Amino acid sequence: MADKATALNTNQLFRYLNRGDIAEVKFSPLFTTLFFPNVATFSTQNIMLDTLDIEEVTMSAFCSPMVGSQVQRDKGYETSTIKPGYMKPKHEIDPTKTIMRMAGEDP
């Protein structure tokens, strides 16, 4: 007879899905893989954004190595630095004030 199924919490489920010995169930986040394939992680808190001075971008639909074209020169750019604010909750959390309710139900 089959073992009784047990409920897993999120951490246990991710730990099971990321097991190295089972290659066919390796967890892969589809959304971030499709829309954000390149991730850059920095050790600083500053975010640097480049503003390009491009008035008109010309792009050809079909390119041929035998056809000449005009050389496009860089017109420069400007880098601005942003340091995002740090927000920390300042209210105290009292675990004795929690209540049980159904999803979507007003307390």
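So that you can map any letter, position 9 of the sequence shown is 46 in this note's numbering, and since no number is skipped, the others follow by simple counting. In this text, a Cβ means the ideal position worked out from N, Cα and C, and glycines have one as well. Model, not experiment: these values are computed from the prediction.
Own chain residues within Cβ distance below 8 Å of K120, not counting five before or after: Q82, N83 and I84
For T88, which of F73, Y114, G105 and L67 has the nearest alpha-carbon? Nearest of F73, Y114, G105 and L67 to T88, Cα basis: Y114.
Could you give the DSSP three-state label for L45: helix, strand or coil? Coil.
Terminal residues of the beta strand (DSSP E) in which T116 lies: Y114 to I119
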